[in-house]
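Visitor:
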Amino acid sequence: QTQLDSRKEKSHPGGFLFTKFGSNQTALLDLAFPDNFGGRLQERNKEMPKSAKQVTRLFPNKVTIQLPEDEALLLDWKEKLERDTEILKAQANITSIRAVLSKNRLDCPDLETLCIKETLPSDSVEKVIGWAFSHHLLNCVEPTIKDNKLIISAESITSGLQVLHGIQNENKSTKKSLKDVVTDNEFEKKLLSDVIPPSDIGVSFNDIGALENVKDTLKELVMLPLQRPELFGKGQLTKPTKGILLFGPPGTGKTMLAKAVATEAGANFINISMSSITSKWFGEGEKYVKAVFSLASKIAPSVIFVDEVDSM
1 QTQLDSRKEK SHPGGFLFTK FGSNQTALLD LAFPDNFGGR LQERNKEMPK SAKQVTRLFP
61 NKVTIQLPED EALLLDWKEK LERDTEILKA QANITSIRAV LSKNRLDCPD LETLCIKETL
121 PSDSVEKVIG WAFSHHLLNC VEPTIKDNKL IISAESITSG LQVLHGIQNE NKSTKKSLKD
181 VVTDNEFEKK LLSDVIPPSD IGVSFNDIGA LENVKDTLKE LVMLPLQRPE LFGKGQLTKP
241 TKGILLFGPP GTGKTMLAKA VATEAGANFI NISMSSITSK WFGEGEKYVK AVFSLASKIA
301 PSVIFVDEVD SM
């Protein structure tokens, strides 16, 4: 074996190892067998971690299996490996979804029928279940309760996944869409360069300590209308809040809260200050203010943060 193989073996004793060498793709599959199979492994390096040495003692034998050299067999092997990977991802997603359902006293008997190929982070799973729960309440005539758990269908979870995919696709096209925005005047063009897409903000509610009451208020008043506009089509919620005043001493997290709202809601962030909307020429300040809202409408959804509004 090559020197690279040796280094890999030391870092993954007794486990499964797949490696690629340049244009010739070669994979090694390390299998652990009892003492009565194969030959003894060579003595490990003294610098090997203690845990690795213990694993080596448990699995002292090794069998190396190389990839098929025949192109047809190699292609078939890769296809099987990809299918196995998709199955493992789907099983991991089902486990994560079931855990979130149980935590919220929900259940989905036909959950196993779902096949989710991409890996879902824990925060995405919680969002999907939230959207699925809302979809179920909107479309279910009579709710079903079993073992103190609300029964929702796989169709509702599929609806939640579709919402997630839609948001992800919008976020991917945000940068490109910002470049393609047609500005009506020089004021919008200047402000457009200061717009931050949600994927580049880099601040979420998890990055802000405490302020839980403020976070909950912002989620209800700002994020909910952006994420669930269908809830504001009738009833008492027809007029969502148009603006919020954050007040407090410098350094208390007002700007971070505004950025976190934009990130969580998937909205563009427009940071406005006195320097960005003032001009030495009479009448241009009003044009800048008008350009802020006209630009925000073009790149909606967006969050406008006016810093130090008391000095304007």
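Numbering-wise, the UniProt record's numbering puts 183 at position 183 of the sequence shown, and it's gapless, one number per residue. Using N, Cα and C, we set each Cβ at its ideal position, and we do this for glycine too. These figures come from a predicted structure and were not determined experimentally.
#1: Out of Phe269, Asp84, Lys146, Val181, which has the shortest C-alpha to C-alpha gap to Ser102?
#2: Provide the residue(s) that pair with Phe293 in DSSP beta bridges, ordered along the chain.
#3: Looking only at C-alpha atoms, which of Gln162, Lys189, Leu191, Met223 sits nearest to Phe205?
#4: Measure the Cβ-Cβ separation of Phe256 and Val309 and say whether it is below 8 Å.
#5: Using the C-alpha atoms, what's the distance from Lys62 back to Ala52?
#6: For the alpha helix (DSSP H) containing Val125, list its first residue and its last residue.
#7: Spatial neighbours of Arg40 within its chain, please: C-beta separation below 8 Å, excluding the five flanking residues on both sides.
#8: How should Pro198 be labelled, buried or exposed, when 16 other C-beta atoms within 10 angstroms of its C-beta is the threshold for buried?
#9: Could you tell me the boundaries of the beta strand (DSSP E) in which Val214 lies?
#10: Output the distance between the C-alpha atoms of Asp30 and Pro68, rounded to the nearest integer angstrom.
#11: Are the CB atoms of Leu150 and Leu218 nearer to each other than 8 Å?
#12: Report back the beta-carbon spacing between Val195 and Ile270 to the nearest angstrom; my notes put them in contact at under 8 Å.
#13: Leaving out five residues before and five after Ser273 in sequence, what residues of the same chain have Cβ atoms less than 7 Å from its Cβ?
#14: Report back the beta-carbon spacing between Ile299 and Val163 to the nearest angstrom; my notes put them in contact at under 8 Å.
#15: Taking buried to mean at least 16 other C-beta atoms within 10 Å of its own C-beta, is His165 buried or exposed?
#16: Considering only the beta carbon of each residue, do Ala267 and Ser302 sit closer than 8 Å?
#17: Can you find the residues in the same chain that come closer than 8 Å, C-beta to C-beta, to Thr241, ignoring five residues on each side of it along the sequence?
#18: Using the rule of at least 16 other Cβ atoms within 10 Å of the residue's Cβ for burial, across every protein chain shown, is Gln227 buried or exposed?
#19: Per DSSP, what are the beta-bridge partners of Val104 in this structure?
#20: Give the straight-line distance between the Cα atoms of Asn104 and Gly160, rounded to the nearest whole angstrom.
#21: Under 8 Å by Cβ, that's how I've got Thr119 and Ala92 pegged, so tell me the actual separation to the nearest angstrom.
#22: For Ser273, does the three-state DSSP call read helix, strand or coil?
#23: State the Cα-Cα distance for the pair Ala291 and Pro250, rounded to the nearest angstrom.
#24: Tell me which residues share the same chain as Leu109 and place their Cβ nearer than 8 Å to its Cβ, disregarding the 5 neighbours each side in the sequence.
#25: Alpha carbon to alpha carbon, how far is Glu142 from Leu231? Give it in angstroms, no decimals.
#26: Considering only the alpha carbon of each residue, which of Val214, Ala260, Gln66, Gln168 lies closest to Gly248?
#27: So which of Gln168, Leu75, Ile97 has the shortest CA-CA distance to Ile116?
#28: Please check the pair Gly132 and Ile157, which I expect to be a contact at CB under 8 Å, by giving their CB distance rounded to whole angstroms.
#29: What number of angstroms, rounded off, separates the C-alpha of Pro34 from the C-alpha of Thr56?
#30: What is the rounded straight-line gap between the Cα of Lys287 and the Cα of Ile304?
Guide: Well, looking at it:
#1: For the purposes of this step, residue 102 is identified with residue 102 of the sequence shown, where counting begins at 1. Shortest Cα-Cα distance from Ser102 to any of Phe269, Asp84, Lys146, Val181 involves Lys146.
#2: As a position in the sequence shown, residue 293 is number 293, starting the count at 1. Beta-bridge analysis with DSSP links Phe293 to no other residue.
#3: Translated into positions along the sequence shown, residue 205 becomes position 205. Considering only alpha carbons, the answer is Met223.
#4: To locate residue 256, count along the sequence shown from 1; it is residue 256. To locate residue 309, count along the sequence shown from 1; it is residue 309. For the sequence presented, residue 256 should be read as Met rather than Phe. If you check the CB distance, Met256 and Val309 do not come in under 8 Å.
#5: If you number the sequence shown from 1, residue 52 lands on position 52. If you number the sequence shown from 1, residue 62 lands on position 62. So the two alpha carbons sit approximately 15 Å from each other.
#6: For the purposes of this step, residue 125 is taken as the residue at position 125 of the sequence shown. Where Val125 is concerned, the enclosing alpha helix (DSSP H) stretches over 122-139.
#7: Residue mapping note: residue 40 aligns to position 40 of the sequence shown, counting from 1. With a pLDDT of only 42 at Arg40, under the threshold of 50, the placement of this residue in the model should not be trusted, and no figure is reported.
#8: Taking the sequence shown and counting its residues from 1, one reaches residue 198 at position 198. Pro198 should be labelled buried.
#9: For the purposes of this step, residue 214 is identified with residue 214 of the sequence shown, where counting begins at 1. Val214: not part of any beta strand (DSSP E); member of the alpha helix (DSSP H) spanning 212-218, first to last residue.
#10: Position 30 of the sequence shown, counting from 1, holds the residue named residue 30. Position 68 of the sequence shown, counting from 1, holds the residue named residue 68. Low per-residue confidence applies at Asp30: pLDDT is 39, beneath 50, and the placement is therefore not dependable enough to give any value.
#11: What you label residue 150 is simply residue 150 of the sequence shown in a count that begins at 1. What you label residue 218 is simply residue 218 of the sequence shown in a count that begins at 1. Against a cut-off of 8 Å, the Cβ pair of Leu218 and Leu150 comes out as no contact.
#12: Start at 1 with the first residue of the sequence shown, and residue 195 comes out as number 195. Start at 1 with the first residue of the sequence shown, and residue 270 comes out as number 270. The pair is a contact, with the Cβ atoms about 6 Å apart (cut-off 8 Å).
#13: Translated into positions along the sequence shown, residue 273 becomes position 273. Result list for Ser273: Asp307, Glu308, in chain order.
#14: The count along the sequence shown starts at 1 and reaches residue 299 at position 299. The count along the sequence shown starts at 1 and reaches residue 163 at position 163. About 21 Å; that fails the 8 Å criterion.
#15: Translated into the one-based positions of the sequence shown, residue 165 becomes position 165. When all chains shown are included, His165 counts as exposed.
#16: Residue mapping note: residue 267 aligns to position 267 of the sequence shown, counting from 1. Residue mapping note: residue 302 aligns to position 302 of the sequence shown, counting from 1. Yes.
#17: Residue mapping note: residue 241 aligns to position 241 of the sequence shown, counting from 1. Closer than 8 Å at Cβ, skipping near neighbours: Leu221, Val222, Pro225.
#18: In the sequence shown, the residue the question calls residue 227 occupies position 227. Buried, since its Cβ has 16 or more Cβ neighbours within 10 Å.
#19: Sequence index remark: in the sequence shown, residue 104 carries index 104 (1-based). It is Asn, not Val, that sits at residue 104 in the sequence shown. DSSP lists no partner for Asn104.
#20: Position 104 of the sequence shown holds residue 104. Position 160 of the sequence shown holds residue 160. Near 16 Å, if we compare the C-alpha coordinates of Gly160 and Asn104.
#21: The count along the sequence shown starts at 1 and reaches residue 119 at position 119. The count along the sequence shown starts at 1 and reaches residue 92 at position 92. Taking the Cβ atoms as the reference, Thr119 lies roughly 7 Å from Ala92, within the contact range of under 8 Å.
#22: Residue 273 sits at position 273 when you count from the first residue of the sequence shown. Correct three-state label for Ser273: coil.
#23: For this step, residue 291 is matched to residue 291 along the sequence shown. For this step, residue 250 is matched to residue 250 along the sequence shown. Roughly 28 Å separates the two Cα atoms.
#24: In the sequence shown, residue 109 corresponds to position 109, counting from 1. Before going further, note that residue 109 is Pro rather than Leu in the sequence given. Within the same chain, and ignoring the five residues on either side of Pro109 in sequence, the residues whose Cβ sits closer than 8 Å to its Cβ are Ile151.
#25: Here residue 231 corresponds to residue number 231 of the sequence shown, with the count starting at 1. Here residue 142 corresponds to residue number 142 of the sequence shown, with the count starting at 1. Taking the straight line from one Cα to the other gives about 20 Å.
#26: Working through the sequence shown from its first residue, we reach residue 248 at position 248. Its Cα nearest to that of Gly248, the residue Val214 stands out among Val214, Ala260, Gln66, Gln168.
#27: In the sequence shown, the residue the question calls residue 116 occupies position 116. Closest by alpha carbon: Ile97.
#28: Translated into positions along the sequence shown, residue 132 becomes position 132. Translated into positions along the sequence shown, residue 157 becomes position 157. Here residue 132 turns out to be Ala, not Gly, going by the sequence shown. About 4 Å; that satisfies the 8 Å criterion.
#29: Translated into the one-based positions of the sequence shown, residue 34 becomes position 34. Translated into the one-based positions of the sequence shown, residue 56 becomes position 56. The pLDDT assigned to Pro34 is 40, lower than 50, so where the model puts this residue is not dependable; a value taken from the coordinates is nonetheless given after this. Roughly 11 Å separates the two Cα atoms.
#30: Taking the first residue of the sequence shown as position 1, residue 287 is located at position 287. Taking the first residue of the sequence shown as position 1, residue 304 is located at position 304. Each residue's alpha carbon lies about 16 Å from the other.
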